[in-house]
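Enquirer: Quick one: structure below, then a few questions.
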Amino acid sequence: MKKLRIGLAGLGVVGKGVYDILTKDAKLLEVRSNASLELVAVSARSKKDFLNPKIKFYENAVDLANDPEIDVIIEVIGGNKTAKDLLQAALKNGKKFVTANKALIAEEGFELAQLEEKSQSCIRFEAAVAAATPIIKTFREGLAANEIKEFYAILNGTCNFILTKMKNENLDFAVALKEAQDLGYAESDPTFDIKGIDTAHKLAILAAIASGTKPAFKQLHIEGVDEVTIEDIKLADELGYKIKLLATYKNLGESMQQAVYPALVKNSDKISQVDSAFNAILTKASNANWNMLIGSGAGSLPTASGIVADLVDIANGRTNYMFGVKSEHLREAKINNISQRFGKYFLKLLINKDLAQKTNLAEVLFGSKLQIEKAAFIDKNSEILCAFLTDEQKEQDVLDILKNLDSNLVKSAKFLRVEETNSF
Ligand SMILES: NC(=O)c1ccc[n+]([C@@H]2O[C@H](COP(=O)([O-])OP(=O)(O)OC[C@H]3O[C@@H](n4cnc5c(N)ncnc54)[C@H](OP(=O)(O)O)[C@@H]3O)[C@@H](O)[C@H]2O)c1
């Protein structure tokens with residue numbers, strides 16, 4: 216029986232999950248891999264009680280790369296510095312590399328793709344985007360016969376959990392966030408999650424595979440969920456929509472949209488039904504038409520599931536270029552400024568009640584510049600909070616209209632974007 220000898224860097228939430236799957240599912244994995252998957256060495260900042268004492272322990276993770284008994288290294292440390300040092304040393308020494316590190320792949324993906332080819336080794340990262348939900352394999356191999364036209368994805372379980380809690384239990388953002396932290400869904404410093412950065416890392420990776428371009432994290436427009444209010448959620452609900460934090464990708468021919476923002480999605484739309492901490496990716500592909508994957512996007516065993524699937528592929532010699540094509544074919548991404556977006560908008564205006572006539576308010580405010588499809592209102596003593604759902608507009612035009620509203624009538628004006636997929 217062939218052996219695949221593994222070095223595991225990181226024994227935290229995900230590392231422990233990998234350890235557990237390799238231990239409890241050894242027989243199943245052996246049959247599927249046509250090899251025995253043997254964990255020979257690990258590294259963490261401190262030793263763990265659960266470790267089998269026969270397994271070597273390295274204090275310095277990079278030492279795993281110099282161990283001749285190791286064929287493949289799994290990196291679940293996180294961060295850029297040690298993780299990248301380990302990756303470079305591992306590939307230099309002919310070892311294969313599996314990681315769940317989305318920041319590293321999103322920010323340095325092109326350089327890593329070149330390194331992968333130069334070293335004739337391989338870098339796999341199924342767990343980096345949606346953990347147990349196999350979207351990398353789906354985009355790179357399963358949909359290889361398609362152009363990806365557009366996708367809308369919920370890629371951060373913490374944010375989805377918070378938005379679901381707010382809606383179902385009528386909670387303010389801060390209270391829902393605290394609950395997510397108490398339940399272990401959100402980190403004590405939740406900035407990367409709630410500001411949309413984690414989602415943007417994952418979008419950059421998926422969009423690179425979808426479009427055959429270099430990951431373009433630095434060019435992305437990113438908004439998080441931290442400014443979504445319970446009033447936004449109630450008004451959206453009255454109009455027949457939910458609010459979801461979406462990673463959006465649209466192939467516009469010469470250019471594309473890649474952006475992260477909280478968006479209104481119709482209650483009847485499949486992706487709006489994905490609640491709590493689940494992830495989902497709704498994709499329109501040129502030949503396959505619509506496709507949606509839903510699953511766990513984080514957690515110990517779910518994330519380890521994606522990692523171990525990569526190990527099984529490696530054991531079977533099923534490798535592919537990181538982004539599905541040779542790095543020389545990866546083009547520069549031409550991403551439109553978000554002000555060029557064309558779509559519907561949810562406008563939220565705080566209106567001086569004395570001056571407002573609810574019946575013809577939309578006409579007074581927008582004249583013929585905007586068509587309003589639906590409206591909802593919340594009465595607030597001396598003011599009315601109004602939500603208007605517009606027809607399709609260019610974002611720059613919406614910004615101009617909002618800037619020029621009568622300031623005696625309108626005390627504040629904000630907007631959210633609306634995504635209607637009409638998928639299934
Ligand atoms: N958690 C999830 O659900 C999830 C989902 C998808 C992807 N990921 C990604 O998976 C990676 C790991 O996440 P995690 O949640 O497992 O993190 P974690 O619980 O904080 O674990 C990190 C592990 O790395 C070890 N470590 C840190 N610095 C090290 C160093 N310089 N040398 C050796 N070991 C070091 C830590 O050692 P000690 O234990 O001794 O402190 C710990 O065991 C990250 O890239 C994350 O983005 C996580």
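Using the numbering used here, the first residue of the sequence shown is number 216, and each one after it goes up by one.
Beta carbons: idealized from backbone N, C-alpha and C, even for Gly.
None of these values were measured; they are calculated from a predicted model.
For Gly390 and Leu398, what's the separation of their Cα atoms in angstroms?
Expert: Numbered from its first residue, the sequence shown carries residue 390 at position 175. Numbered from its first residue, the sequence shown carries residue 398 at position 183. With the sequence shown as reference, residue 390 is identified as Val, and Gly is not the correct amino acid for it. Their Cα atoms are separated by approximately 12 Å.
Enquirer: Can you give me the Cβ contacts of Ala565 inside the same chain, cut-off strictly under 6 Å, excluding the 5 residues immediately before and after it?
Expert: The sequence position of residue 565 within the sequence shown is 350, counting from 1. The residue you asked about is not Ala; residue 565 is Leu in the sequence shown. Contacts found: Glu598, Leu600, Lys626, Ser627.
Enquirer: Pull up the distance between the alpha-carbon of Asn316 and that of Ala530, whole angstroms please.
Expert: Walking along the sequence shown from the start, residue 316 turns up at place 101. Walking along the sequence shown from the start, residue 530 turns up at place 315. Between Asn316 and Ala530, the C-alpha separation is close to 21 Å.
Enquirer: Using a 10 Å radius around the Cβ and a threshold of 16 neighbouring Cβ atoms, would you call His416 buried or exposed?
Expert: In the sequence shown, residue 416 corresponds to position 201, counting from 1. By the 10 Å Cβ count, His416 comes out buried.
Enquirer: Rounded to the nearest angstrom, what separates Leu370 and Gly510 at their Cα positions?
Expert: Reading the sequence shown from its first residue, position 155 is the one you call residue 370. Reading the sequence shown from its first residue, position 295 is the one you call residue 510. So the alpha carbons of these two residues sit roughly 10 Å apart.
Enquirer: First and last residue of the beta strand (DSSP E) that includes Ala519?
Expert: Translated into the one-based positions of the sequence shown, residue 519 becomes position 304. Counting along the chain, Ala519 sits inside no beta strand (DSSP E); it lies in the alpha helix (DSSP H) bounded by residues 515-530.
Enquirer: I'd like the span of the beta strand (DSSP E) that includes Asn459, first residue to last.
Expert: Walking along the sequence shown from the start, residue 459 turns up at place 244. Contrary to the premise, residue 459 reads as Lys rather than Asn in this sequence. Element bounds for Lys459: 456-466.
Enquirer: Mind checking Pro517: buried by the 16 CB within 10 Å criterion, or exposed?
Expert: Here residue 517 refers to the residue found at position 302 of the sequence shown. Pro517 comes out buried.
Enquirer: In angstroms with no decimal places, state the Cα-to-Cα distance between Ser261 and Phe592.
Expert: Along the sequence shown, one-based indexing puts residue 261 at 46. Along the sequence shown, one-based indexing puts residue 592 at 377. C-alpha separation (whole angstroms): 56 Å.
Enquirer: What is the DSSP secondary structure of Tyr367, counted as helix, strand or coil?
Expert: Numbered from 1 along the sequence shown, position 152 holds the residue referred to as residue 367. If DSSP states are grouped into helix, strand and coil, Tyr367 belongs with the strands.
Enquirer: Pick helix, strand or coil for Asn567, following the three-state DSSP scheme.
Expert: Translated into positions along the sequence shown, residue 567 becomes position 352. It is a strand residue.
Enquirer: Can you round the beta-carbon distance between Ala276 and Gly230 to whole angstroms, since I take them to be within the 8 Å contact cut?
Expert: Within the sequence shown, the letter at position 61 stands for residue 276. Within the sequence shown, the letter at position 15 stands for residue 230. Actually they do not touch by this definition, with Cβ atoms about 11 Å apart.
Enquirer: Counting along the chain, where does the alpha helix (DSSP H) carrying Lys433 start and finish?
Expert: Along the sequence shown, one-based indexing puts residue 433 at 218. No alpha helix (DSSP H) contains Lys433, which DSSP labels as neither H nor E.
Enquirer: First and last residue of the beta strand (DSSP E) that includes Phe630?
Expert: Along the sequence shown, read from residue 1 onward, the residue named residue 630 stands at position 415. Phe630 -> beta strand (DSSP E) spans 625-634.
Enquirer: Please tell me whether, using a cut-off of 7 Å, the distance from the CB of Leu226 to the nearest non-hydrogen atom of ligand 1 is below it.
Expert: For this step, residue 226 is matched to residue 11 along the sequence shown. Yes.
Enquirer: Taking 7 Å as the cut-off, is the C-beta of Val229 nearer than that to any heavy atom in ligand 1?
Expert: Taking the sequence shown and counting its residues from 1, the one referred to as residue 229 is at position 14. Yes, the Cβ of Val229 comes within 7 Å of a heavy atom of ligand 1.
Enquirer: Taking the alpha-carbon positions, what's the Glu253 to Glu341 distance?
Expert: Position 38 of the sequence shown, counted from the first residue, corresponds to residue 253. Position 126 of the sequence shown, counted from the first residue, corresponds to residue 341. Rounded to the nearest angstrom, the gap between the Cα atoms of Glu253 and Glu341 is 20 Å.
Enquirer: Identify whether Leu358 lies in helix, strand or coil by the three-state DSSP scheme.
Expert: Within the sequence shown, residue 358 is the residue found at index 143, counting from 1. It is coil, neither helix nor strand.
Enquirer: Checking 8 Å against the spacing of the C-beta atoms, do Ala343 and Ile289 come in under that value?
Expert: Along the sequence shown, read from residue 1 onward, the residue named residue 343 stands at position 128. Along the sequence shown, read from residue 1 onward, the residue named residue 289 stands at position 74. Cβ atoms of Ala343 and Ile289: not closer than 8 Å.
Enquirer: Only counting the same chain, and skipping five residues up and downstream in sequence, which positions put a Cβ closer than 6 Å to that of Phe581?
Expert: The residue you call residue 581 lines up with position 366 of the sequence shown. If we look at Phe581 and ignore the five residues flanking it on each side, it has no Cβ neighbours.
Enquirer: Are Leu461 and Glu634 touching if we call contact CB-CB under 8 Å?
Expert: As a working note, residue 461 is residue 246 in the sequence shown. As a working note, residue 634 is residue 419 in the sequence shown. Taking 8 Å as the Cβ cut-off, Leu461 and Glu634 qualify as a contacting pair.
Enquirer: Step through the CB atoms of chain D and report whether any lies within less than 8 Å of the CB of Ile221.
Expert: The chain inventory of the structure shown lacks chain D, comprising one protein chain alone.
Enquirer: When the Cα atoms are used, what is the spatial distance from Ala318 to Asp413?
Expert: Translated into the one-based positions of the sequence shown, residue 318 becomes position 103. Translated into the one-based positions of the sequence shown, residue 413 becomes position 198. C-alpha separation (whole angstroms): 8 Å.
Enquirer: Going along the chain, which residues of its own chain have a beta-carbon closer than 8 Å to the beta-carbon of Ala241, five neighbours each way excluded?
Expert: For this step, residue 241 is matched to residue 26 along the sequence shown. Cβ contact annotation for Ala241 (same chain, cutoff 8 Å, sequence separation greater than five): Ser251, Leu252, in chain order.
Enquirer: Determine the direct distance from the alpha carbon of Glu332 to that of Leu279, and round the result to whole angstroms.
Expert: Against the sequence shown, residue 279 aligns to sequence position 64. Against the sequence shown, residue 332 aligns to sequence position 117. Their backbone Cα atoms lie some 21 Å apart in a straight line.
Enquirer: Ordered along the chain, which non-local residues of its own chain (more than five positions away) have a Cβ less than 8 Å from that of Leu392?
Expert: One-based indexing of the sequence shown puts residue 392 at position 177. If we look at Leu392 and ignore the five residues flanking it on each side, its Cβ neighbours are Ile377, Ala401, Pro405, Ile409.
Enquirer: Provide the residue span of the beta strand (DSSP E) that contains Gln473, from first to last.
Expert: Residue 473 sits at position 258 when you count from the first residue of the sequence shown. Looking at the DSSP string, the run of the beta strand (DSSP E) that includes Gln473 is 471-481.
Enquirer: Let me check understanding here. Comparing Cα to Cα, which of Asp612, Met216, Asp282, Glu326 lies closest to Lys429?
Expert: Taking the first residue of the sequence shown as position 1, residue 429 is located at position 214. Lys429 has its Cα closest to that of Glu326, out of Asp612, Met216, Asp282, Glu326.
Enquirer: Label Val246 either buried or exposed according to how many other C-beta atoms from any shown protein chain fall within 10 Å of its C-beta, with 16 as the threshold for buried.
Expert: By 1-based counting over the sequence shown, the position of residue 246 is 31. Val246 should be labelled exposed.
Enquirer: According to DSSP, what are the bridge partners of Glu555?
Expert: Translated into the one-based positions of the sequence shown, residue 555 becomes position 340. Per the sequence shown, the amino acid found at residue 555 is Gln instead of Glu. The partner list for Gln555 (beta bridge, DSSP) is empty, contrary to what the question assumes.
Enquirer: Phe272: which of Asn506, Gly222, Ser403 sits nearest, CA to CA?
Expert: Counting from one through the sequence shown, the residue named residue 272 turns up at place 57. Residue Gly222 is the option with its Cα nearest to Phe272.
Enquirer: Grouping DSSP H, G and I as helix and E and B as strand, with all else coil, what is Asp413?
Expert: In the sequence shown, residue 413 corresponds to position 198, counting from 1. Correct three-state label for Asp413: helix.
Enquirer: Kindly indicate which three-state DSSP category Val391 falls into: helix, strand or coil?
Expert: Numbered from 1 along the sequence shown, position 176 holds the residue referred to as residue 391. Correcting the residue identity first, residue 391 is Ala in this sequence and not Val. If DSSP states are grouped into helix, strand and coil, Ala391 belongs with the helices.
Enquirer: Closest to Glu284 by CA distance: which of Val257, Gln303, Leu330, His436 is it?
Expert: Taking the sequence shown and counting its residues from 1, one reaches residue 284 at position 69. For the options Val257, Gln303, Leu330, His436, the alpha carbon positioned closest to that of Glu284 is the one of Val257.
Enquirer: What would DSSP say about Arg247, mapped onto helix, strand or coil?
Expert: Taking the sequence shown and counting its residues from 1, the one referred to as residue 247 is at position 32. Arg247 falls in the helix class under three-state DSSP.
Enquirer: Is there at least one non-hydrogen atom of ligand 1 closer than 7 Å to the beta-carbon of Asn281?
Expert: On the sequence shown, residue 281 is found 66 positions in, with the first residue counted as 1. Checking the Cβ of Asn281 against ligand 1 gives no.
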